[in-house]
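Below: the structure, in structure tokens.
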Ligand SMILES: [Cu+2]
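Residue numbers (our numbering): 25 to 175.
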């Protein structure tokens, strides 16, 4: 009787340890590092603020894309799309509460005036990617470009 209780305790311990170890191995379950980027500004400057972003592989990021301007803008980077694992893109309502989550491979996010979208991702590949741009006609040419560095 005592022996079977001991055996059960050991088995439960192995099971709990196994589950715990599994959770630690899931890189999308970390506390996210929040990074904020504004697409344009109230004066309608055709810029990203900031225009340079730095990330590290293996960390979960919550990239908050806010558009404070009076026009639509895109956050678009083909290279970044191929260098990160996307957990989700979360779209928030005006009250800040989430109204939609999108999952899958993301290459481009369009953010409407006075709106926010969050891109949750884990960088998996290092590199310097200089193809961040807003793809609306004329915006790239006007300087709405940026660089993403993943270390
Ligand atoms: Cu734009």
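Cβ atoms here follow ideal geometry from the backbone N, Cα and C, with glycine treated the same way. Since we're looking at a predicted model, the values are computed, not measured.
- Relative to ligand 1, residue 130 has its C-beta separated by 6 angstroms or more from all heavy atoms.
- With 5 angstroms as the limit, the residues whose C-beta approaches a heavy atom of ligand 1 more closely than that are 97, 158, 160, 163 and 168, in chain order.
- DSSP, read as helix, strand or coil, puts residue 124 in strand.
- Counting the other CB atoms within 10 Å of its CB gives residue 74 a total below 16, which places it among the exposed residues.
- Sequence-distant partners of residue 65 (beyond 5 residues in either direction) whose C-beta falls short of 7 angstroms from its own C-beta, in its chain, are 73, 92 and 93.
- About 7 angstroms separates the beta carbon of residue 83 from that of residue 54, a gap short enough to meet the 8 angstroms contact definition.
- Residue 141 is bridged by DSSP to 89 and 115.
- Within the DSSP secondary-structure output, residue 97 pairs in a beta bridge with 135.
- 7 angstroms or more divides the Cβ of residue 122 from the Cβ of residue 86.
- As far as DSSP is concerned, residue 165 takes part in no beta bridge.
- Non-local beta-carbon contacts of residue 135 in its own chain, meaning distances under 8 angstroms to residues more than five positions away in sequence, involve 63, 89, 90, 91, 96, 97, 98, 99 and 141 in chain order.
- With contacts defined as CB atoms closer than 7 angstroms, residue 159 and residue 76 fail to qualify as a contacting pair.
- Counting along the chain, the unbroken beta strand (DSSP E) around residue 62 starts and ends at 57-63.
- For residue 84, the three-state secondary structure derived from DSSP is coil.
- The residue among 152, 167 and 58 with its C-alpha nearest the C-alpha of residue 106 is 152.
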